[in-house]
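Here is the structure we will look at, set down as structure tokens.
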Amino acid sequence: MQLTPFCLMLSCLRISPDRSQFSRYDTISLNCEDQLNSTGWKVKRKTVEGGIRPCSSGWGTASSGSTCIIGNIYPSDSGVYWCESVDGQQTNSVNITITDRAVILESPALPVSEGAAVTLHCKAEMNPPSHVFHFYKDGRHIGNSSTGEMTIHSASKSDEGLYKCSTAESVESASSWLAVDVSLSNSNFTSSASPVSSAAVFRLTCHLLVGIPYLLSTILLGLIYRDRKKAAQRVRERRRSSKVIMEIAV
């Protein structure tokens with residue numbers, strides 16, 4: 096499954112493993128990533144049964160920083176998850192589905208960038224006798240696979256939609272939404288390289304914001320010094336000229 100550069104933004108909810116469907120008893124790690132304040136965020140969720148509650152308030156275990164671990168998950172843990180800061184700011188939200196079905200579709204939980212390669216994996220508890228998996232998008236059959244994998248080699252907005260898979264015995268997975276964000280550049284992103292660090296971009300911006308005024312001040316002081324030096328030189332020249340005139344007059 097391809098990584099996504101969606102979390103290049105300063106604050107983001109990242110899921111590990113990165114997928115939106117899980118089986119009962121799996122373990123999920125939810126991490127609030129913030130380049131400015133790594134400890135000021137809490138993972139929250141909204142479920143049908145529990146309303147809106149933060150991690151460790153009857154579900155999940157808060158780990159170091161702003162990480163929440165959910166072990167032995169149940170279908171009741173299905174819902175919308177996000178990160179929220181102490182002053183009420185919110186990150187992206189992710190819809191997570193925990194299912195008892197014998198087949199699940201592993202697809203990215205976060206939006207993928209336009210042009211990126213995305214692999215969907217149909218996973219069955221027991222390999223079907225026919226070893227054939229069917230893939231569907233928005234209820235329409237889009238292909239078969241003997242390996243359980245289907246790759247979108249260059250994602251576009253037209254690939255955005257609701258995906259599911261099934262075995263030849265008609266055992267279906269739940270459906271998951273695949274989002275494609277055209278605003279995410281793929282020019283600096285490959286499946287074998289890590290995304291560009293937003294922290295480096297932020298540090299560069301800070302250096303520029305601090306350095307430019309300093310540079311302008313230095314240039315201004317240099318110009319003032321130069322003008323004063325020229326003015327002093329003109330004064331000296333006038334004085335020498337006046338002295339010469341006085342000597343000639345005498």
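Mapped onto our numbering, the consecutive letters of the sequence shown carry residue numbers 96 to 345.
In this text, a Cβ means the ideal position worked out from N, Cα and C, and glycines have one as well.
Residues sharing a beta bridge with His-229, DSSP: Position 134 of the sequence shown, counted from the first residue, corresponds to residue 229. Bridge partners of His-229: Asn-239, Ser-261.
In chain order, each beta strand (DSSP E) run of at least 3 residues that lies wholly inside the stretch 170 to 235: DSSP runs (the beta strand (DSSP E)) wholly in the stretch 170 to 235: 174 to 180, 189 to 194, 198 to 201, 213 to 219, 228 to 232.
For Ala-250 and Ala-211, believed in contact at Cβ under 8 Å, the rounded distance: Here residue 211 is taken as the residue at index 116 of the sequence shown, counted from 1. Here residue 250 is taken as the residue at index 155 of the sequence shown, counted from 1. That belief holds up - the Cβ atoms of Ala-211 and Ala-250 are roughly 5 Å apart, short of 8 Å.
Supposed contact pair Glu-255 and Leu-273 - C-beta distance, whole angstroms, cut 8 Å: Indexing the sequence shown from 1 puts residue 273 at position 178. Indexing the sequence shown from 1 puts residue 255 at position 160. About 6 Å separates the beta carbons of Leu-273 and Glu-255, which is inside the 8 Å limit, making them a contact pair.
Residues bridged to Glu-267 [DSSP beta-bridge criterion]: The count along the sequence shown starts at 1 and reaches residue 267 at position 172. DSSP lists Ser-261 as partners of Glu-267.
Thr-242 versus Gly-160: straight-line alpha-carbon distance, rounded: Working through the sequence shown from its first residue, we reach residue 242 at position 147. Working through the sequence shown from its first residue, we reach residue 160 at position 65. Using only the alpha carbons, I get a separation of about 39 Å.
Ser-286 classed as buried or exposed, judged by whether at least 16 other C-beta atoms fall within 10 angstroms: Taking the first residue of the sequence shown as position 1, residue 286 is located at position 191. Only weak support exists for where Ser-286 lies, its pLDDT of 36 falling under 50; the coordinates are left without a value.
Distance between beta carbons of Phe-228 and Ile-237, contact taken as under 8 Å: Residue 237 sits at position 142 when you count from the first residue of the sequence shown. Residue 228 sits at position 133 when you count from the first residue of the sequence shown. That belief does not hold up - the Cβ atoms of Ile-237 and Phe-228 are roughly 12 Å apart, past 8 Å.
Sub-8 Å separation of Lys-141 and Val-175 beta-carbons: Translated into positions along the sequence shown, residue 141 becomes position 46. Translated into positions along the sequence shown, residue 175 becomes position 80. In this structure, Val-175 lies closer than 8 Å to Lys-141 by Cβ.
Arg-148, DSSP secondary structure in three states: Residue numbering aside, residue 148 sits at position 53 when the sequence shown is read from its first letter. Of the three classes helix, strand and coil, the one that applies to Arg-148 here is strand, per DSSP.
Outcome for Arg-329 when other beta-carbon atoms lying within 10 angstroms are tallied against a minimum of 16: As a working mapping, residue 329 is identified with position 234 in the sequence shown. Classification for Arg-329: exposed.
For Ala-157, three-class secondary structure by DSSP: The count along the sequence shown starts at 1 and reaches residue 157 at position 62. It is a strand residue.
Closest Cα partner of Ser-180 within the set Leu-310, Tyr-169, Ile-319, Ser-106: In the sequence shown, counting from the first residue as 1, residue 180 sits at position 85. Cα-wise, what sits closest to Ser-180 is Ser-106.
Test item: CB-CB of Pro-203 and Arg-321 under 8 Å: Residue mapping note: residue 203 aligns to position 108 of the sequence shown, counting from 1. Residue mapping note: residue 321 aligns to position 226 of the sequence shown, counting from 1. At the C-beta level, Pro-203 and Arg-321 stay beyond 8 Å of one another.
Where Lys-325 falls, given that 16 or more other Cβ within 10 Å makes a residue buried: Here the question's residue 325 lines up with position 230 in the sequence shown. Per the 10 Å Cβ criterion, exposed.
Leu-200 vs Leu-215 beta-carbon contact at 8 Å: Position 105 of the sequence shown, counted from the start, is the residue given in the question as residue 200. Position 120 of the sequence shown, counted from the start, is the residue given in the question as residue 215. Going by C-beta atoms, Leu-200 is nearer than 8 Å to Leu-215.
Beta-carbon proximity list for Gly-155, same chain, < 6 Å, skipping 5 on both sides: Within the sequence shown, the letter at position 60 stands for residue 155. Excluding sequence neighbours, Gly-155 sits near Cys-163, Ile-165.
Nearest-angstrom Cβ-Cβ length linking Thr-186 and Leu-125, presumed shorter than 8 Å: Here residue 186 refers to the residue found at position 91 of the sequence shown. Here residue 125 refers to the residue found at position 30 of the sequence shown. Not quite, the Cβ-Cβ distance comes to about 11 Å (not below 8 Å), so this is no contact.
Closest residue to Thr-246 among Arg-235, Val-213, Ser-261, Lys-259 (Cα-Cα distance): By one-based count along the sequence shown, residue 246 stands at place 151. Out of Arg-235, Val-213, Ser-261, Lys-259, Val-213 has the C-alpha closest to the C-alpha of Thr-246.
Selection from Arg-331, Lys-139, Glu-144 that minimises the alpha carbon distance to Trp-177: For the purposes of this step, residue 177 is taken as the residue at position 82 of the sequence shown. The residue with the shortest Cα to Cα distance from Trp-177 is Lys-139.
Closest by C-alpha distance to Val-266, when choosing among Arg-196, Pro-112, Leu-257, Pro-149: As a first step, residue 266 is located in the sequence shown; it is residue number 171 there, counting from the start. With distances taken between Cα atoms, Val-266 lies closest to Arg-196.
Exposure of Leu-278, with buried meaning 16 or more beta-carbon neighbours within 10 Å: Position 183 of the sequence shown holds residue 278. Contrary to the premise, residue 278 reads as Ser rather than Leu in this sequence. By the neighbour-count rule (16 or more Cβ atoms within 10 Å), Ser-278 is not buried but exposed.
When Lys-259, Gln-184, Arg-235, Lys-252 are compared against Ala-219, the one with the closest alpha-carbon: The sequence position of residue 219 within the sequence shown is 124, counting from 1. The shortest Cα separation from Ala-219 among Lys-259, Gln-184, Arg-235, Lys-252 belongs to Lys-259.
Local conformation of Ser-251 per DSSP, three classes: Within the sequence shown, numbered from 1, the residue matching residue 251 stands at position 156. Coil at Ser-251, not helix or strand.
Status (buried if at least 16 other CB within 10 Å, exposed otherwise) for Val-143: Locating residue 143 in the sequence shown gives position 48, where the first residue counts as 1. Val-143 comes out exposed.
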